[in-house]
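Residue 12 in our numbering sits at position 12 of the sequence shown; the count goes up by one each step and never skips.
This report concerns only the one structure given below.
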Amino acid sequence: MSNKHIVCSVRNSVNRVPAEKLGDVALCGKCKNRLFAGTPVELNPASFQKHVERDEIPVVV
């Protein structure tokens, strides 16, 4: 089973999500918010850097 690292846009914590579950509703392990809100997310420079470095899914700018 392969995992993908997804950064939470609320807490900026890194979450491991099984690749086969990427289409499901994934929740952050810390804050329980959805990892994929379906809307654009405003990031500051530090959180942007974390998303670019740690997310294993595309980041659209």
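We put the beta carbon where it would ideally sit given N, CA and C, even for glycine.
DSSP state of residue 34 mapped onto helix, strand, coil = strand
For residue 16, does the three-state DSSP call read helix, strand or coil?
-> strand
CA-CA distance, residue 20 and residue 57?
-> 13 angstroms
Determine the contact status of residue 37 and residue 9, defining contact as a CB-CB distance below 8 angstroms.
-> yes
Could you tell me the distance, in whole angstroms, from the CA atom of residue 16 to the CA atom of residue 44?
-> 23 angstroms
Flag this pair as yes or no: are the beta carbons of residue 4 and residue 22 separated by less than 8 angstroms?
-> yes
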